[in-house]
Each structure stands twice: as C-alpha cells, then as structure tokens.
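Visitor:
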Amino acid sequence: MHTLLIGWVIFGGVFQSEPLPFEVQSVSMITSEQFAALTAPDALPEATTDVVAPETPEPQEAAPELPEPVEAPPPPPQPEAAEEVVEDAPSAPPEDTAILLPETNDDPTPQDSERVAPEVVTPPDPEAAPDEVEQEAVTEDQSADRPAEEQEATAPEEATTEIVTEAEEPSGRLTSSLRPPQNRPAPPASVDQEVPPEEVPAAEEPAASDTDDAVRAALEGAAEPDVPTGPPLSAGEKDALRVAVSSCWNVGSLSSEALRTTVVVDVAMNQDGTPQTGSIRMASFSGGSESAARQAFEAARRAIIRCGARGFDLPVEKYGQWQEIEMTFNPEGMRLR
Amino acid sequence: MILRLIFFCFMAFAASAAWAQQGPLRIEITEGVIEPLPFAVPDFVAETGDAGQLGRDIARVIAADLTGTGLFRELPASAFISQVTDFGAQVQYADWKAINAQALITGAVATQGDRITVKFRLFDVFSGAPLGDGVQFGGTREGWRRMAHKVADAVYSRITGEGGYFDSRVVFVSESGPKGDRRKRLAIMDYDGANVLYLTGSESIVLAPRFSPNGDRVLYTSYETGSPRVYVLDVGSVNRRVLESGVGTMSFAPRFAPDGSRIVFSVSEGANTDIYEMDISSGQMGRLTNTPAIETAPSYSPDGSQIVFESDRSGNQQLYVMPANGGEPRRISFGEGRYGTPVWSPRGDLIAFTKQSKGRFHIGVMRTDGSEERLLTASFLDESPSWAPNGRVIMFNRETQGAQGRSSLYSVDITGRNLRPVSTPEGGSDPSWGPLQN
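Residue numbers (our numbering), protein chains in the order written: chain A, 1 to 337; chain B, 1001 to 1438.
1) Look at the alpha carbon of Ser-91(A) and the alpha carbon of Phe-1072(B), and state the distance between them as a whole number of angstroms.
2) Quick one: what's got a C-beta closer than 8 Å to Arg-1338(B)'s C-beta in the same chain, skipping five residues either side?
3) Does chain A have any CB closer than 8 Å to the CB of Asp-1153(B)?
4) If you compare alpha carbons, which of Gly-1402(B), Thr-1221(B), Ile-1275(B), Asp-1234(B) is closest to Gly-1260(B)?
5) Is it buried or exposed, Ala-1257(B), if we count other Cβ atoms within 10 angstroms and call 16 or more buried?
6) How would you label Glu-1269(B), buried or exposed, when you count the other beta carbons within 10 angstroms and need 16 or more for buried?
7) Report yes or no: is there a C-beta of chain A within less than 8 Å of the C-beta of Pro-1389(B)?
8) Below 8 Å between beta carbons: does that hold for Ala-1187(B) and Tyr-1198(B)?
9) Would Ile-1081(B) be called buried (16 or more neighbouring beta carbons within 10 Å of its own) or exposed?
10) Find the residues of chain B that neighbour Gly-333(A), judging by a C-beta separation of less than 9 Å, and give them in chain order.
11) Hey, could you find the ends of the beta strand (DSSP E) Gly-1139(B) is sitting in?
12) Would you check if there are 3 or more beta carbon pairs closer than 8 Å linking the stretch 1129-1140 of chain B to the stretch 1378-1395 of chain B?
13) Measure the Cβ-Cβ separation of Pro-275(A) and Val-263(A) and say whether it is below 8 Å.
14) So with CB distances below 8 Å, who are the chain B contacts of Ala-258(A)?
15) Using 8 Å as the Cβ pair cut-off and three pairs as the minimum, do the stretch 1093-1105 of chain B and the stretch 281-291 of chain A touch?
16) Does Asn-1325(B) pass the burial test, meaning 16 or more other C-beta atoms within 10 Å, or should it be called exposed?
17) Under 8 Å between beta-carbons, which chain C residues line up against Gly-1416(B)? List them in chain order, please.
18) Give the straight-line distance between the Cα atoms of Ile-1351(B) and Thr-165(A), rounded to the nearest whole angstrom.
19) Keeping to the same chain, check which residues put their C-beta closer than 6 Å to that of Gly-1416(B); ignore five residues upstream and five downstream.
20) Given that Phe-1126(B) touches chain A, what residues does it touch there, using C-beta distances under 7 Å?
21) Below 8 Å on the Cβ atoms is my contact criterion, and I expect Phe-1309(B) with Ala-1297(B) to pass it. Report the Cβ-Cβ distance as a whole number of Å.
22) Beta-carbon separation of Asp-1057(B) and Phe-1166(B) under 8 Å?
23) Is it buried or exposed, Phe-1120(B), if we count other Cβ atoms within 10 angstroms and call 16 or more buried?
24) So, does the stretch 288-295 of chain A touch the stretch 314-327 of chain A, judging by three or more C-beta pairs under 8 Å?
25) Helix, strand or coil, according to DSSP, for Gly-320(A) in the structure here?
26) To which residues of the same chain is Asn-105(A) closer than 8 Å at the C-beta, ignoring the five residues directly before and after it?
27) What residue range does the beta strand (DSSP E) around Trp-1144(B) cover?
28) Using the DSSP secondary-structure output, state which residues sit across from Glu-1277(B) in a beta bridge.
29) Between Pro-1425(B) and Gly-311(A), what straight-line distance do the alpha-carbon atoms span, to the nearest angstrom?
30) How long is the line joining the alpha carbons of Ser-1345(B) and Pro-1302(B), rounded to whole angstroms?
31) According to a CB-to-CB cut-off of less than 7 Å, which residues of the stretch 304-329 of chain A neighbour chain B?
32) Flag Ser-286(A) as yes if its beta-carbon sits less than 8 Å from any beta-carbon of chain B, otherwise no.
33) For Glu-55(A) and Ala-1388(B), I'd like the C-alpha separation in whole angstroms.
34) I want to verify the contact list: residues of chain B whose CB lies under 7 Å from the CB of Arg-281(A), in sequence order.
35) DSSP three-state call for Tyr-1410(B): helix, strand or coil?
36) Identify the contact partners of Ala-292(A) in chain B, using a Cβ-Cβ distance below 8 Å as the criterion.
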C-alpha cells in the first residue's frame, strides 16, 4: 500500500497527459473556374527594370590619343629612387627574395571534393547516379515471377568533411570512409522499389477492405483519431532522422548572415514518413535578420522535402510520436567548416 | 497478490501516459552538407524571330556566372525532361524534381530594333513555387551580357541572401612581354574577363589602379614623369590629371575614401614613407602618420571611420588600424611572417591581406581585430587582393616562378574554395574590383 502511495506521489503529477495538440484549418468550397484561376500561371513579371545601355566608356575613341603599345617606344629606365620605393612597397617584393623561394607548383590545387558532408564519402561507382540513397542497379529479370522495375544504380556523391584551402593541410579527421566503398550487399527487395511511387496507396487513403472499413467505422466513432502512439522514439531512431535530414541540408549557398541564423521549422508528417509539404513553416528564428532567416528556412525546407520524398525511416507504430516534428536547424558548426 | 496486480496496472497506466504525445517531436540538426546547388537554366525563349541566338547566349552567361561562384552546379540540357517553349506556361515541377534541379530559371527575350527585353522567373522546384517575382530588363542589343549578369545577380541574391557581383567591372594592369621588359597598361573589363578595354598606353609603367566607390574614376600610380605620381582618371572620358603631393616627393598606393571625395595614399620623402589624405577637389593634404618607419598601403573601412595599413614600425612588416583622421594605431597582425596590402571588406567584417611566410606568399583574411586569420592561397607569389562588391570573393594576382614567369589574375571565395583563374587576353596584375553597375 505504501508502495502504491509513494508511486502515486512520484508519478501522479508527472504523467498528467494534456490533450493532443491539433491544428484547425477552415476550408471553403470553390468552383472549378475559381480553382483554375488560382492555379493559372502567374501574370507577367511584376517588376520591370530598364537597363540603360552599358555605361562602358568609349576609350577606343579616346585611345587614339594614346600611343599603340606596339608602336610605343620602350619605357625609359626607371630612376634608382623609384626602384627603392617599389622594393619597399609590399606589392613588389625584392627579386632576390623570390629567387630563394623553393620550387613550387603554382597551379591551383583543386579541392578533394566540392562536397563537404558530416562523413567522408569515397568516390562512388562512376555508373551510379548521384543520390542521397545508395541503391544497386536493378535490371529487368524476365525469369522472375514478377519482374522488378528497372532501377538505376545510385550512390551518395563523393564528399570530404571540411574545406581545405590551398594554404592548409587537412586536419586529422577521417580521410576515408568507414563504409564499404560501393556495391554493398543489396538491401532486401522492398515493396517501395518494385512498386512505382504513384501506385503506393497514400497513408491517408487506406486500401479498401472489409477489415479496414470496419476499422474506419470504428475510428469515425471515436472522439479523436486513434493513431498509433507507441513509446517515444529511441535515441537511435532520432539520430537516424537527424542524419537523414542532415544529408540534404545544403548550407553551401547560404550567406554569411544566414549561416549565423538558427531556424526552427515545424512540419507535419504523413504516416508513410513523407513530410506534408504544405505544412512546413518557420516557427521562429534567432541570430540573424528576417531576410537571412528566410534564406535559412528555404534551405531547411528543401532539405526536408528532398530527403523526405521517399519517406523518412520512422517506425510507423510510433506515428503519434512523430506526426508533428519541430526541427531546429543550427548552422553554427557548419560556419566553421 | 492484489497489491502486486494494482501496482502492475498502475505502472502500465504510467507507461501509457508517458507514451502519450507531449507536443511535437523535437530534433536539432547541426550537421549539414556544403555542396553546389543544382540548377537548370533552359535557353531563354525567343519571343521574336531573331532572338533565338540571344536567348541561348544569355542562358549561357547566366549559367557561367552561377557555376563560377562554386555555389551552384548547372544541370546539362541533355538531362532535361521538360522543355520550356513558352515563358508563361506552367512549370512541370515533377520533371525538374526528377533530375534533382533545385532551382529553375526560365526566361524570354524579345527584340525591337536595337532594343532588347529580357525577363525571367526563378522557381524553387522542391517547394513547387516561384522564388520572388518575375523581373524584366530592357536595354540595347550590345548590352545583352549586362542583362544576363543582372539576371544572374538577381538569382544569386534570392537564393543566397547576399548581393551579387556579376554586373561589375574590374580595372587592372594588363601585362605583356618578358619579365625583364614587361609592358604595362591600364585595362578595364567585365568581372568575368569579357569586354576588355585599355585606358592607357604602355609607354610608362603603371601600378595599382583603384576604382572609385561608384566606378566613375580610377586612381593609379604612374612613372610617366620618371618618379611615381598618383593620377586620377575619368573612366568615361579617359581624361586624367596628376594629384600633386609636393615637390621632391613620390606618391603611390592611393585609394579612395568611401565618399569618393578624398583619397588616402603614401608619400615618400627621402627614406621615410608616411600616409597622407587629400581632398581631391581642393588638393589639400593632411598627414596621418609620422614615424621613421615605412607606412603604406592604406585602405578605408566601409564607413570611412578607420584606416588599415601596413607598417614596419615594429621592425617587421605588420598590419595596423588607426582612426581615419590619424591617431594612435593598433597592431592587428601578430602571426609569423610579413603582412601587407591590407584591404577592408565592403561588408566591413574582414580584412584581406598578403602574407609572406616560409618562402611562400598567401592571400588571407582576418577579422578587423586581427582574430580568425585564415590563409586562402599559397604560391610562389600571390598579392594585391581586391574584394568583390558583395565581400564574398577576392581577386588577386599570381605570378609564376622563373624568367618566363607570368602574372595573371585569380579569384577565390573567402572560404578558400573555388580558386580559379580569371581569363584576360594578356597577363594581369593589381586588380581592383569595382562596384555593381546601376
């Protein structure tokens, strides 16, 4: 009895559940003509700027006043005093210093990879198309009972983990991927690969069957939608989601100010792990101007949509835990790359 | 037994309550990728019969501008599923998504006599929506490259949130001939090396041209009279005049103040070199430093309140910052080696410089207090950094070793990425990047 009492004192207040948050949207009926008008291409560009003729001067007209380089006499030898000034100036280092310099290759050194990612990715199979998801090529097998849909081989693009300038040596970070380079064992043939995406029934539209009808009828009678809640996502499941979004979060084209801006993005998820594109919105931002936050949000939105297009790998039995996700995109670490 | 059953039920209830959703799932993303953003720019639609070639050329210049930044990657036309034949048609987002085009630029060009009209729209493919309004430019047929640069500037700005730099020009010293008999003349060109025009002949050595803040004038140093003198040249008329610094002195390393009415430069008298300012219209000079050391290469902060310069007053060439009207300078560079040619970023946040250390030359950047120094390049001889109007890119000159060594222009992103040569007809040195054109 004491145990029960102590348990009630400790846990009773903690697990008081609040009602599920939900979003209310008002809808209205419109005619097909109104819908067509809404979805029609935009009108002609709104802003018009008149570019005046390039203000390029006409130096050619004035140029005749100046002697042609070929016809011009060689420049007179410079006075000693002038040479002293030039030597003092940093823009013209003394010749003798230059002669002592070691032989070097002055060709610009290309970057190891133009992609910088959290993990090193070794050069993929040249046959593989770049994609965030690594897949082996699938060719049509006529002998199979059900021929698999042809699938082009895909692999993540080559990546390094940091920007190394011409003047720097790479740090001690991993120089090669711990992952097998390519041609990893093929994942078990999944339904997703064999069925074209458009044939996959949407999560909101369960296949019609007697059982499902009965379930739907039961659900309709319920006070609130009965989504599978399950236990909270494990750390590993959260990490998988984090890594998945990270792989598409491209901050390379963001301004310096946007790279100082943290944005919090809300997204509603479908049960198949795909994001509801229209639901993605910026909840808040910090560290930068509204303009910078907008750029940062657009990069975040692209990441969610691109990498979520095939559905994030989230446990469907815990849908209630992740049907609404709040993602904080903090680029502080990327700014230092 | 009953107690145990009650406890079990209680724990089951507690676990169930804990599972219940307490708000959205929260995750924090701190690791991303840095990679060029894939975009597609189909040929601009010709809205008049003779605009086909223009439409293709404009699309090519836009693509070159964007890919040249290192921030974007063009998808080849051979990969396109959709073709854009009507500027007003609905965008088939699915077709562009399928080839991973994250940005799509569509446009059209029409001609009317010598006038052309260029319009464009930018789409965020994965969001399935336009990114900003459409924009239309009008101008002369010969100015088509400028209009292409303006489109690219708008695209760059909308995606990155920074100003562009494509519709800008660079003044530099064009160099020809062997090292021992090198001929130098001032030249001006588009930022990408197109439309090179020469502003002076090569009868006398010219050095260190500097654009005025609005690009209408150029300061430079010439040995025309035998000793170095600072000249100001009007870009439109190519008229020039010397800025007298005093009898028996040599003047060099000039640079405009942000308001364009004053300049700061070095004057050498005997073995001493100090920094002066001059009001251009009146010629009135004021001395800003007064030490036995050599102090030169001054550069204003964008707000005109401070000047960064190089000095060997400590016994070694280092960078210092002082108030624009003179005063006690504070040293900002403390690293190994010699620092020179400092240039304040137009954003005001960084100072670019040349560094000589361990037999190598570097172009580097540091915060205005000297912190966060980062070397971007390394070679036999790199020098003369100049900032792009948006403060994101630095152009400089690189000279190769040996008797046949050649000086040429390069650009590099302030991250150290995207080091690439700038195409010029001859060798080039001392670039000065002008402002965005109106």
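Where a beta carbon is used, it is the ideal one built from N, C-alpha and C, also for glycine. Predicted, not measured: the structure shown is a model, and the values here were computed from it.
Guide: Quick answer:
1) Model confidence at Ser-91(A) stands at a pLDDT of 38, short of 50, so the residue's coordinates are unreliable; what they give is reported in the following sentence. Approximately 33 Å, taken between the alpha carbons.
2) Asn-1316, Gln-1317, Gln-1318, Lys-1355, Gln-1356, Ser-1357
3) no
4) Asp-1234(B)
5) buried
6) exposed
7) no
8) yes
9) exposed
10) Thr-1030, Glu-1031, Gly-1032
11) 1135-1140
12) no
13) no
14) Thr-1160, Gly-1161
15) no
16) exposed
17) Among the chains of the structure shown, chain C does not appear; the protein chains present are A and B.
18) 17 Å
19) Leu-1376
20) Arg-302, Ile-305, Arg-306
21) 6 Å
22) no
23) buried
24) no
25) helix
26) Any reading at Asn-105(A) must be qualified, since the residue scores a pLDDT of 43, below 50, and its modelled position is unreliable; the value itself is stated next. Answer for Asn-105(A): no residue qualifies.
27) Careful: Trp-1144(B) lies outside any beta strand (DSSP E), inside the alpha helix (DSSP H) at 1144-1160.
28) Val-1264(B), Gly-1286(B)
29) 52 Å
30) 7 Å
31) Ile-305, Arg-306, Gly-320, Gln-321, Trp-322, Glu-324, Ile-325, Glu-326, Met-327, Thr-328, Phe-329
32) no
33) Low per-residue confidence applies at Glu-55(A): pLDDT is 45, beneath 50, and the placement is therefore not dependable enough to give any value.
34) Those do not exist, as Arg-281(A) stays about 12 Å from chain B at its closest Cβ, beyond 7 Å.
35) strand
36) Gly-1161
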